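Notes follow the structure.
Number of protein chains: 2
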Amino acid sequence: MSAHIPMSSGATSIAAAPDGVSPDHIFDIGFAFRKSKALLSAVELGVFTALGDGPLDGETLMARVGIHPRGGRDFLDALVALHFLDRGEAGRYANLPDCALYLDRRKSTYVGGSLELLNSYLYVDWVHLTQALRTGHGGSALADGGYAGLYADRASFDTFLQGMSGTSLIAARSLAERFPWHRHEMVIDVGTAQGCMPVELARSHAHLRGGGFDLPQVEPIFTDYVRRNGLSDRLRFYPGDFMHEDLPKADVLVMGRILHNWDLPTKKLLLRKAAQALPDGGALIVYDNIIDDERRHRPHSLLASLNMLIETAAGFEYTGSECSAWMREAGFRDIRIEQLDPISTAAIGIR
Amino acid sequence: MSAHIPMSSGATSIAAAPDGVSPDHIFDIGFAFRKSKALLSAVELGVFTALGDGPLDGETLMARVGIHPRGGRDFLDALVALHFLDRGEAGRYANLPDCALYLDRRKSTYVGGSLELLNSYLYVDWVHLTQALRTGHGGSALADGGYAGLYADRASFDTFLQGMSGTSLIAARSLAERFPWHRHEMVIDVGTAQGCMPVELARSHAHLRGGGFDLPQVEPIFTDYVRRNGLSDRLRFYPGDFMHEDLPKADVLVMGRILHNWDLPTKKLLLRKAAQALPDGGALIVYDNIIDDERRHRPHSLLASLNMLIETAAGFEYTGSECSAWMREAGFRDIRIEQLDPISTAAIGIR
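As they're listed, the protein sequences go chains C and W.
Using my numbering, read the first sequence as starting at 1 and increasing by one per residue.
Using my numbering, read the second sequence as starting at 1001 and increasing by one per residue.
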């Protein structure tokens, strides 16, 4: 045999089938859970926070976040290959700009709470997707016990509420910029969790006051978060259960990732309650992972609806057209659909 | 309040931070496990096989694969949005070409066995990535019990062996095209599982004979697969345990996704055994998820190495340079690295 094997040069895509159809996309998506989990574990281990003060060599970084040498280097280099970390010539690892800003726990721009929630609950709950599809019931803690059950476990409660802030922050900042807040004075966020939304709105608009409405056990978490953000003079907590009580009165009500948790009669009930709580000319801002009307352009929203299948007893996401129709039925007019960020879309209506 | 709310037009990316850094990539990867799981569940439910005879309306398709109406439409439309299914004007779902070819169980080009393996084992095992990173030990069935343990459970055994074929098929077809097989007569695949590799090689090259080497309990599976492919006259099974026995003699030995399972001394032992089994001028073809030498360009390979952390007691992937050095040390020359497909890379050496 010759020392020089004639072979074609490096393949980046295969063409095994006669018609040149490749399985690349299938394998790319099929294996994508590993990318997710590597990022989620990096957040859990505090890799990006550990790099918040500057680059570190691999050994120091592994020791600081508590990674065993066996997989440590592959893990950190996977984060480089996935474009979360940079690795300099001296072999020192550093946060890339997005991770420095959004995944360092010590920064107010931290959105990692959302990823912590994915890591602690949703990644695991999605193991049961097939079963949920077969039965129409996901069997997660939330689907079985509701929010009261979830909130009864302190660790789950904190992870959940912080996760809500992680997911809300970008939508809140987008909404702070995109809505004519100067025309309104009083805004209340319904199902507020930590209060990320009212804090971001009040921070951006010095004339705004109001607060957040949620179950009574959320109050200390909300109060603490608002105080840490120096907004206790303008934002207060409104305790209540929107399933059994009226919503508090305000010029603007926000319902972010609330409607998607519930069945259609409850969705409509909440919209009617919002209409009752608003004055003429007041605004309701609903936002969720709203599905595009053609149901084919936003995979994230359709997958979010499967998440509701898994995580709730009867929740689902919905299209902009569906939401508009329900809002008109509840007494809203001039409804418009507005994408806030790649994940969240708002439906805004005037009372 | 005006009926016309002046708001900026649809956001496709947010720019909440002063410097315009977006968290889009972070959220895209953080949520990517949902895309994976939707595809893996679709394969498990047989969606693509059910569409193998032509398009079906949603209701018929859901009934045929056993999906409950609650999440069914969102699930199918998510598969449309993820570019696995098409949905025509009449609302009928159809396989896109890659899924028709590779995910219909009745076709010889089916690679879904690989996804079934991800679905049944790896997605779940990756729940424990953080723990594996902390301890250096994954705790999966394979890591704890080895192949004998895995093979003792019939259902696991079948899923595993079929999964190996799913992952091997594309590499095998690429290798059938890319290597100068006309110079050799006898090829044996080491750790052959069902025998996907020798079957593809023998199918493409009528002069080739040989077979597959694996643990004795694999024999009936191998024999059946070879018989179904009409190759029993040229391919036979070689039973043995490469940890304790010599490798069978052949002109070409293939070791696909074998070395990555083991620690470095065992990797080197297997390479020495291959050198002993080959004649002068014989070839060893190793293929694995080989890592690029800079350890930054192939996330799939680095993540595959984390998979070895989780799934094996001491395995890891390795770079082309590392493999070349080990092969030279074992007595091989003229070693070249060749990417077979987006997942698999070969290191080929001459005895």
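Glycine included, each C-beta is placed from N, C-alpha and C at the ideal position.
The model shown is predicted, which means the values in this text are computed figures rather than measured ones.
What is the DSSP secondary structure of W/Asp1241, reduced to helix, strand or coil?
Note: W/Asp1241 maps to coil in three-state DSSP.
Any idea which residues DSSP pairs W/Asn1095 with across the strands?
Looking at the DSSP assignment, W/Asn1095 forms a beta bridge with W/Leu1085.
Could you tell me whether the segment 36 to 51 of chain C touches the segment 85 to 105 of chain C, where touching means 3 or more Cβ pairs closer than 8 Å?
Touching, yes.
In the DSSP assignment, find the beta strand (DSSP E) that holds C/Phe179 and state where it starts and stops.
No beta strand (DSSP E) contains C/Phe179, which DSSP labels as neither H nor E.
What first and last residue would you give for the alpha helix (DSSP H) that runs through C/Ile26?
Unbroken alpha helix (DSSP H) run through C/Ile26: 24 to 30.
When the distance is taken between beta carbons, is W/Gly1315 closer than 8 Å to C/Leu39?
Contact: no.
Shorter than 8 Å from the beta carbon of W/Glu1322 to some beta carbon of chain C?
Answer no: the Cβ-Cβ gap between W/Glu1322 and chain C never drops below 8 Å.
Look up W/Asn1289 in the DSSP assignment and say whether it is helix, strand or coil.
In the structure shown, W/Asn1289 sits in coil (DSSP, three-state: anything other than H, G, I, E or B).
Does the CB of C/Val47 have a neighbour CB from chain W at under 8 Å?
Not an interface residue.
Based on DSSP bridge pairs, tell me the residues matched to W/Ala1346.
Answer is W/Tyr1287, W/Glu1338.
Determine, for C/Ser120, whether the minimum Cβ-Cβ distance to residues of chain W falls below 8 Å.
It does not: the Cβ of C/Ser120 has no partner Cβ on chain W nearer than 8 Å.
Is the CB-CB distance between W/Ile958 and W/Arg1333 below 8 Å?
For chain W, the structure presents residues 1001 to 1351; residue 958 of chain W sits outside this window and is missing.
Does any residue of chain C have a CB that is nearer than 8 Å to the CB of W/His1182?
So, not an interface residue.
Report, in whole angstroms, the separation of the C-beta atoms of W/Gln967 and W/Tyr1225, which I expect to be a contact under 8 Å.
The question about residue 967 of chain W has no answer here: the residues shown for chain W are numbered 1001 through 1351.
Under 8 Å, Cβ to Cβ, is there at least one residue of chain W near C/Tyr102?
Judged by the 8 Å Cβ criterion, C/Tyr102 is in contact with chain W.
Buried or exposed for W/Ser1344, please, with buried defined as at least 16 other CB atoms from any protein chain shown within 10 angstroms of its CB.
So W/Ser1344 ends up on the buried side.
Between which two residues does the alpha helix (DSSP H) holding W/Leu1051 run?
Here W/Leu1051 belongs to no alpha helix (DSSP H), and DSSP marks it neither H nor E.
Does W/Val1286 pass the burial test, meaning 16 or more other C-beta atoms within 10 Å, or should it be called exposed?
So W/Val1286 counts as buried.
Report back the beta-carbon spacing between C/Pro69 and C/Met62 to the nearest angstrom; my notes put them in contact at under 8 Å.
Right, the Cβ-Cβ distance comes to about 7 Å (below 8 Å), so this counts as a contact.
At which residues does the beta strand (DSSP E) containing W/His1188 begin and terminate?
Reading the sequence as shown, one finds Ile at residue 1188 of chain W and not His. Residues 1186 to 1190.
State the DSSP-derived secondary structure class of W/Val1021, mapped to helix, strand or coil.
Correct three-state label for W/Val1021: coil.
Does DSSP classify W/Thr1167 as helix, strand or coil?
In this structure, W/Thr1167 counts as helix in the three-state DSSP scheme.
Give the residues from the segment 339 to 351 of chain C that approach chain B closer than 8 Å (Cβ to any Cβ), ordered along the chain.
In summary, chain B is missing from the structure at hand, where the protein chains are C and W.
So, is W/Pro1164 buried or exposed, given that buried needs 16 or more other C-beta atoms within 10 angstroms?
Note that residue 1164 of chain W corresponds to Met in the displayed sequence, not to Pro. Buried is the call here.
With a cut-off of 8 Å on the beta carbons, I'd call W/Gly1240 and W/Phe1213 a contact; round off their distance for me.
About 6 Å separates the two Cβ atoms, so the contact holds.
What's the call for C/His182, buried or exposed, on a 16-neighbour Cβ count within 10 Å?
The residue is exposed, with fewer than 16 neighbouring Cβ atoms inside 10 Å.
Please check if any C-beta of chain C sits within less than 8 Å of the C-beta of W/Leu1306.
Taking Cβ atoms only, chain C reaches closer than 8 Å to W/Leu1306, which makes this a yes.
At a CB-CB cut-off below 9 Å, which residues of chain C make contact with W/His1205?
Those within 9 Å of W/His1205 in chain C number zero; the least Cβ separation is about 15 Å.
Classify C/Gln162 as buried or exposed, calling it buried when 16 or more other Cβ atoms lie within 10 Å of its own Cβ.
Per the 10 Å Cβ criterion, buried.
Taking only beta-carbon atoms, is W/Arg1105 less than 8 Å away from chain C?
For W/Arg1105, the answer is no, since every Cβ of chain C falls outside 8 Å of its Cβ.
Take every Cβ of the segment 1301 to 1308 of chain W, pair it with every Cβ of the segment 71 to 79 of chain C, and state whether three or more of those distances are shorter than 8 Å.
Because the criterion of three Cβ pairs below 8 Å is met, the segment 1301 to 1308 of chain W and the segment 71 to 79 of chain C touch.
Quick check on W/Phe1332 - is its C-beta less than 8 Å from some C-beta in chain C?
No, no contact with chain C.
Assuming C/Asp246 and C/Lys273 are in contact, meaning their beta carbons sit under 8 Å apart, how far apart are those beta carbons, in whole angstroms?
About 6 Å separates the two Cβ atoms, so the contact holds.
Evaluate C/Asp104 with the Cβ neighbour count: other Cβ atoms within 10 Å of its Cβ, from every protein chain shown; 16 or more gives buried, anything less gives exposed.
Classification for C/Asp104: buried.
Consider the Cβ of C/Phe213: report whether some Cβ of chain W lies at a distance smaller than 8 Å.
Closer than 8 Å: no.
Going along the chain, which residues of its own chain have a beta-carbon closer than 7 Å to the beta-carbon of W/Arg1298, five neighbours each way excluded?
Excluding sequence neighbours, W/Arg1298 sits near Ile1291, Asp1292.
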